[in-house]
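Given below as structure tokens:
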């Protein structure tokens, strides 16, 4: 019971801490914007620089690094284990967080070994190519709404280009180069095989990733991420807002699945399958491997962020939103919004870990079949249905009904247990065998 | 719990793949909730643990220990009598029975007694011991037992695993009135009795005490040393 209360206490403290952190971020962005205006530049320049430091260098990297700890502790909880707890600070394991420092220390101090026959320039370039595009993806993810701070309108958003989602497609496509170059430049056939697998898998899933979002673009009539999040706040059924997951459940599923393949993690971890080939980073050691490793976690966080802002309402707190908006100072509301975004994003990261420990690895032909035979047709179907619904009823109500119908169908199929194992054992045709086996 | 595996072909719902995944996500989330939000039962008897909330059955070993079964063959001990002297009469039965030849005994006569002997050296190399318990079975005097319920604590040197009579003589004493030793009133030399009483104590927490450091011990070397001494005296 102590642990139960403690866990909720920790969650509450983290949420409150995040709220405070985001207030500070808003203040910094506002101050930077004011400074930029005083220097004669547009205020947006200042807030963009401040947000680059606060959101990308601090927030994103911290969450990605903590995710390495979470991978240890959360997966332990999912598998009835205790998890990493041997590093103790004053007698407590602190939830495994000190492992973060131990990992970093190990990566940084490890001997760096290289294959003699490597292609030197590309070998050095590959970790950067794996990390940088992934990292830059976060620039267009809107963490918080626009609010007036120190007389300047600032949002927790590094850049707000009108291309929005297209930026994500472009840079996610670039990330393939890192893995492919790593595989090729290390002059190792296991590495090359991993690189080739990675490139074919990522290019394949890029297609369904893009197509699944076209429906969202149709529904909200924009590709700008901030506008998309704002559009999700408009009510569609009475008080229920037009969330992406409500309008596009199928698109959500396809996008989420494809984003898994993009992160190259289980069950799509064929490029780094430990049991057959070690993967495209087999020849990398020390912090060069660490970059690839971290890029994977950064990608998890970012794709969770994209899913949050496109399908789950981004920074809309959803619950009590009207009341909060009316009764709170705009900056306080913005902080609560950003906290809500973080909460949704962390839950999605957690969900990715759940699925990572849930499913066994696909075979390579199964991966390609899932991509080209299931996800791509599903995305196309979703696109046509969305297009027709938006054409017939531009107020999105029809699309919402279609979405509700899809959700109901998915739930019904899930809930309808076709063969209950115990019932089959009693009445099934093979019950005789079971009794026989039990007798022995 | 045994469960049934069936090779029935997948039905339509299972071929849809996603519904089953959703169901499985539900199962994993339940497990996560139970293990992350409820504390683990720390009962050292793992099978008796309450798994209604957290299902973790881990025993964090150095901090927590399970209880060994009553028949567990732990570290040897030399059983003392009530007066603190070892029950051992240096008959060499255990050393003869030992398949690993890890017991070394040096006998001495009790002064003023025509029959009784006692061990001045009784050394067991725990690294060579195969924990078969033959020495316990062989002992006619119930002088060596493996009832400590401990295993030899880890040491940084091999010598630390060599236990001599000073470290072995410990634990609850066993005395019988009909013990011929007592009836004859045989006494060990007062000095060695005093030393034995002093040293009959539980093990030190670490291997740093003076008796842990017996480097270079070998039964064979001790035996050849004793042989050389015997030859020396007979010459």
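Residue numbers (this note's numbering), protein chains in the order written: chain C, 1 to 440; chain S, 1001 to 1235. All C-beta atoms in this analysis are idealised placements derived from N, C-alpha and C, irrespective of residue type, glycine included. A quick note: this is a predicted structure, and the numbers were derived from the prediction, not measured.
So what does DSSP say about residue i, is it helix, strand or coil?
i: residue 1125 of chain S; result: strand
i: residue 283 of chain C; result: coil
i: residue 146 of chain C; result: coil
i: residue 51 of chain C; result: helix
i: residue 1086 of chain S; result: strand
i: residue 1145 of chain S; result: strand
i: residue 1163 of chain S; result: strand
i: residue 121 of chain C; result: helix
i: residue 276 of chain C; result: coil
i: residue 1190 of chain S; result: helix
i: residue 206 of chain C; result: helix
i: residue 92 of chain C; result: strand
i: residue 318 of chain C; result: coil
i: residue 404 of chain C; result: helix
i: residue 34 of chain C; result: helix
i: residue 1075 of chain S; result: coil
i: residue 241 of chain C; result: strand
i: residue 1101 of chain S; result: coil
i: residue 115 of chain C; result: coil
i: residue 223 of chain C; result: coil
i: residue 1169 of chain S; result: strand
i: residue 23 of chain C; result: helix
i: residue 97 of chain C; result: coil
Using beta carbons (cut-off 8 Å, strictly below), is residue i in contact with chain C?
i: residue 1122 of chain S; result: no
i: residue 1188 of chain S; result: no
i: residue 1134 of chain S; result: no
i: residue 1046 of chain S; result: no
i: residue 1031 of chain S; result: yes
i: residue 1043 of chain S; result: no
i: residue 1224 of chain S; result: no
i: residue 1066 of chain S; result: no
i: residue 1023 of chain S; result: yes
i: residue 1019 of chain S; result: yes
i: residue 1039 of chain S; result: yes
Is there a Cβ of chain S sitting closer than 8 Å to that of residue i, yes or no?
i: residue 253 of chain C; result: yes
i: residue 176 of chain C; result: no
i: residue 261 of chain C; result: no
i: residue 300 of chain C; result: no
i: residue 358 of chain C; result: yes
i: residue 380 of chain C; result: no
i: residue 355 of chain C; result: yes
i: residue 504 of chain C; result: The first residue shown for chain C is 1 and the last is 440, placing residue 504 of chain C beyond what the model contains.
Output needed for residue i: all residues of its chain with C-beta closer than 6 Å, excluding positions within five of it in sequence on either side, in chain order.
i: residue 260 of chain C; result: 268
i: residue 295 of chain C; result: 130, 131 and 134
i: residue 24 of chain C; result: none
Take residue i and list the residues in its own chain whose beta-carbon comes closer than 7 Å to its own, dropping the five residues that flank it on each side.
i: residue 219 of chain C; result: 247, 248, 386, 390, 396 and 399
i: residue 456 of chain C; result: For residue 456 of chain C there is no data in the structure shown, the boundaries of chain C being 1 and 440.
i: residue 208 of chain C; result: 254, 258, 371, 375, 376 and 379
i: residue 52 of chain C; result: 158
i: residue 19 of chain C; result: 335, 336 and 339
i: residue 125 of chain C; result: 181
i: residue 60 of chain C; result: 138, 298 and 301
Let me know if residue i comes out buried or exposed under the rule of 16 or more other beta-carbons within 10 Å of its beta-carbon.
i: residue 1115 of chain S; result: exposed
i: residue 1067 of chain S; result: exposed
i: residue 235 of chain C; result: exposed
i: residue 327 of chain C; result: exposed
i: residue 148 of chain C; result: exposed
i: residue 4 of chain C; result: exposed
i: residue 319 of chain C; result: exposed
i: residue 1076 of chain S; result: buried
i: residue 1085 of chain S; result: buried
i: residue 186 of chain C; result: buried
i: residue 1229 of chain S; result: exposed
i: residue 233 of chain C; result: buried
i: residue 1103 of chain S; result: buried
If I'm right that residue i touches residue j with Cβ under 8 Å, what's the distance once you round it to whole angstroms?
i: residue 263 of chain C; j: residue 300 of chain C; result: 5 Å
i: residue 1032 of chain S; j: residue 78 of chain C; result: 5 Å
i: residue 55 of chain C; j: residue 302 of chain C; result: Not really, about 11 Å apart at Cβ, beyond 8 Å.
i: residue 1081 of chain S; j: residue 1141 of chain S; result: Not really, about 10 Å apart at Cβ, beyond 8 Å.
i: residue 33 of chain C; j: residue 43 of chain C; result: 4 Å
Any heavy atom of the ligand ZN closer than 7 Å to the Cβ of residue i?
i: residue 1091 of chain S; result: Among the components of this structure there are no ligands whatsoever, and the ligand ZN is therefore not found.
Output needed for residue i: all residues of its chain with C-beta closer than 8 Å, excluding positions within five of it in sequence on either side, in chain order.
i: residue 359 of chain C; result: 266 and 267
i: residue 1065 of chain S; result: 1044 and 1059
i: residue 362 of chain C; result: 267, 268, 270 and 370
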